[in-house]
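In the numbering used here, the protein residues as written are 16 to 334.
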């Protein structure tokens, strides 16, 4: 019976992942409620000190929470809390359940880590320049305005916020999906099926986003494979974090599209006229054939590099 649960003096990979998913769900729910309550009370107290009536305070707080990206500091606070709670949970599991070092997931700060991050960022930024050009050339979208209603300083501030916010998103989502889930799966099964399962998990998480459907699930699934190839190439997460941050940053804050159903604003104001199957509808281009096609091309490029470098995808991911 012990062998069913234990291997090499610790829980088997499947049990570790199951416990992690349960703990992650609890931390997400409790953390969201706790941070939301704390932020709401803080904002409410500040507004009350300014003499704002209680009835108006509730309305303002609700507006802030429902239009989060209109309040950059609030959005960064929530995302920062998500990163701290998520990384804290992963650290605890690595220390006490996995019995491995946290940094061995791919957070080593040895020589060249920032080059890996930069390479991933530039690679996906180039992909998005291609996607944007194709949307304009095919008439699927038109630019209606550049830098709408903002001066130069405000534009820089908006881009800085978009970059910072999506860098935080990249860190925690890569630590979760390509860090803990993928690498623990790869201990129990071969790397290739571990990539498939972890990418399906990544796609499932995005089913909770506004406008999600089967198109978005397919698109996010391929994104998961692409991001997994970044880890495979470098055996660290920095390349994948760079790709993830660049994808969200370019899609929303730069080119003005919806990012996984979320409106982050953008340097360009875009009028999308292409059909849903091509442009993704209410979820954004990630759910459309045009962006998914470019994404698959990026995935194949990375797989080609991975096979050229290592020859096979079946023995990677051991830690």
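Think of the CB as a built atom: it goes at the ideal place given N, C-alpha and C, for glycine as much as any other residue.
Keep in mind that this is a model prediction, so the values were computed, not measured.
Complete runs of the beta strand (DSSP E) confined to the region 123-198 [at least 3 residues]: 156-161
**Request:** Inspect the beta-carbon positions of residue 298 and residue 255 and report whether they are closer than 7 Å.
**Result:** Within the chain shown, the letter at position 283 stands for residue 298. Within the chain shown, the letter at position 240 stands for residue 255. Cβ atoms of residue 298 and residue 255: not closer than 7 Å.
Next on the checklist: Comparing C-alpha positions only, which one of 76, 150, 110 sits nearest to residue 55?
Outcome noted: Along the chain shown, read from residue 1 onward, the residue named residue 55 stands at position 40. The shortest Cα separation from residue 55 among 76, 150, 110 belongs to 76.
Worksheet entry | Backbone CA spacing between residue 139 and residue 65 [nearest angstrom] | Translated into positions along the chain shown, residue 139 becomes position 124. Translated into positions along the chain shown, residue 65 becomes position 50. Approximately 45 Å, taken between the alpha carbons.
Do the CB positions of residue 273 and residue 155 come within less than 7 Å of each other? Start at 1 with the first residue of the chain shown, and residue 273 comes out as number 258. Start at 1 with the first residue of the chain shown, and residue 155 comes out as number 140. Taking 7 Å as the Cβ cut-off, residue 273 and residue 155 do not qualify as a contacting pair.
- Task: Would you mind stating whether residue 271 and residue 283 have Cβ atoms separated by less than 7 Å?
- Result: By one-based count along the chain shown, residue 271 stands at place 256. By one-based count along the chain shown, residue 283 stands at place 268. Yes, they are a contact pair.
### Message
Do residue 277 and residue 258 count as a contact pair if the criterion is CB distance below 7 Å?
### Response
Reading the chain shown from its first residue, position 243 is the one you call residue 258. Reading the chain shown from its first residue, position 262 is the one you call residue 277. No, the Cβ-Cβ distance between residue 258 and residue 277 is not below 7 Å.
For residue 274: DSSP bridge partner residues: The sequence position of residue 274 within the chain shown is 259, counting from 1. For residue 274, which the question treats as bridged, DSSP gives the partners 277.
Integer-rounded CB distance, given that residue 244 should sit under 8 Å from residue 171: Mapped onto the chain shown, residue 171 falls at position 156. Mapped onto the chain shown, residue 244 falls at position 229. With a Cβ gap of about 33 Å, residue 171 and residue 244 do not count as contacting.
Query raised in the report: Can residue 190 and residue 105 be called in contact, C-beta distance under 7 Å?
Result: Start at 1 with the first residue of the chain shown, and residue 190 comes out as number 175. Start at 1 with the first residue of the chain shown, and residue 105 comes out as number 90. In contact: residue 190 and residue 105 (Cβ atoms closer than 7 Å).
Under a CB-based cut-off of 7 Å, is residue 277 close to chain B? The structure shown contains no chain B, having only a single protein chain.
Give me the Cα-Cα distance between residue 128 and residue 222, rounded to the nearest whole angstrom.
-> Within the chain shown, the letter at position 113 stands for residue 128. Within the chain shown, the letter at position 207 stands for residue 222. Computed Cα separation, rounded: 32 Å.
Provide the residue span of the beta strand (DSSP E) that contains residue 285, from first to last. For the purposes of this step, residue 285 is identified with residue 270 of the chain shown, where counting begins at 1. Here the beta strand (DSSP E) through residue 285 covers 283-287.
| said: residue 203 and residue 28 - do their beta-carbons sit closer together than 7 Å? | reply: Here the question's residue 28 lines up with position 13 in the chain shown. Here the question's residue 203 lines up with position 188 in the chain shown. Yes, they are a contact pair.
Next on the checklist: I'd like to know whether the C-beta atoms of residue 90 and residue 20 end up nearer to each other than 7 Å.
Outcome noted: The residue labelled residue 90 in the question sits at position 75 within the chain shown. The residue labelled residue 20 in the question sits at position 5 within the chain shown. No, these two residues do not count as a Cβ contact at 7 Å.
Once you ignore the five residues that flank residue 215 on each side, which residues in its own chain have a CB closer than 8 Å to its CB? Counting from 1 along the chain shown, the entry for residue 215 is found at position 200. Excluding residues within five positions, the ones whose Cβ falls inside 8 Å are 236, 239.
**Prompt:** What's the call for residue 166, buried or exposed, on a 16-neighbour Cβ count within 10 Å?
**Reply:** The sequence position of residue 166 within the chain shown is 151, counting from 1. Classification for residue 166: exposed.
So does the region 108-125 actually touch the region 68-84, counting three or more Cβ pairs closer than 8 Å?
-> Too few Cβ pairs lie closer than 8 Å, so no.
Residue 218 to residue 234, Cα distance in whole Å?
-> What you label residue 218 is simply residue 203 of the chain shown in a count that begins at 1. What you label residue 234 is simply residue 219 of the chain shown in a count that begins at 1. Residue 218 and residue 234 have their alpha carbons spaced roughly 8 Å apart.
Let's see if you can read the secondary structure: which residues bound the alpha helix (DSSP H) around residue 54?
Counting from 1 along the chain shown, the entry for residue 54 is found at position 39. Segment 28-64, the alpha helix (DSSP H) holding residue 54.
Nearest residue (CA-CA) to residue 286, options 109, 40, 160, 108: Here residue 286 refers to the residue found at position 271 of the chain shown. Among 109, 40, 160, 108, the Cα nearest to that of residue 286 belongs to 160.
| request: Could you spell out the range, first to last residue, of the alpha helix (DSSP H) harbouring residue 83? | output: Counting from 1 along the chain shown, the entry for residue 83 is found at position 68. Counting along the chain, residue 83 falls outside any alpha helix (DSSP H), and DSSP gives it neither H nor E.
### Message
Am I right that residue 267 and residue 177 are in contact with their C-beta atoms under 8 Å? What's the rounded C-beta distance?
### Response
Translated into the one-based positions of the chain shown, residue 267 becomes position 252. Translated into the one-based positions of the chain shown, residue 177 becomes position 162. Their Cβ separation, rounded to whole angstroms, is 6 Å, which keeps residue 267 and residue 177 in contact under 8 Å.
* Asked: In chain order, what residues of the same chain have a beta carbon less than 7 Å from the beta carbon of residue 101, not counting five sequence neighbours either side?
  -> Taking the chain shown and counting its residues from 1, one reaches residue 101 at position 86. Only 187, 190, 191 meet the Cβ criterion.
**Report entry** C-alpha distance - residue 169 paired with residue 182, whole-angstrom precision
**Finding:** Indexing the chain shown from 1 puts residue 169 at position 154. Indexing the chain shown from 1 puts residue 182 at position 167. So the two alpha carbons sit approximately 20 Å from each other.
Test item: CB-CB of residue 59 and residue 72 under 7 Å
The residue given as residue 59 occupies position 44 in the chain shown. The residue given as residue 72 occupies position 57 in the chain shown. Closer than 7 Å, so yes.
| task | Mind reading off the beta-carbon distance from residue 193 to residue 246? Whole number of angstroms is fine, and I expect it under 8 Å. | result | The residue you call residue 193 lines up with position 178 of the chain shown. The residue you call residue 246 lines up with position 231 of the chain shown. By a beta-carbon distance limit of 8 Å, residue 193 contacts residue 246. Their separation comes to about 5 Å.
Q. Along the chain, where does the alpha helix (DSSP H) that runs through residue 108 open and close?
A. For the purposes of this step, residue 108 is taken as the residue at position 93 of the chain shown. Careful: residue 108 lies outside any alpha helix (DSSP H) and carries neither H nor E.
- Count the other CB atoms, across all protein chains shown, that sit within 10 Å of the CB of residue 142; report buried if there are 16 or more and exposed otherwise. One-based indexing of the chain shown puts residue 142 at position 127. Residue 142 comes out buried.
Q) Between residue 308 and residue 260, what straight-line distance do the alpha-carbon atoms span, to the nearest angstrom? A) As a working mapping, residue 308 is identified with position 293 in the chain shown. As a working mapping, residue 260 is identified with position 245 in the chain shown. Using only the alpha carbons, I get a separation of about 19 Å.
inquiry  = My output table needs one value for residue 25: the three-state DSSP class, helix, strand or coil.
reply    = Residue numbering aside, residue 25 sits at position 10 when the chain shown is read from its first letter. Looking at residue 25 - three-state DSSP - the assignment turns out to be strand.
* If we call anything under 7 Å between Cβ atoms a contact, is residue 220 one with residue 212? -> Residue numbering aside, residue 220 sits at position 205 when the chain shown is read from its first letter. Residue numbering aside, residue 212 sits at position 197 when the chain shown is read from its first letter. No, these two residues do not count as a Cβ contact at 7 Å.
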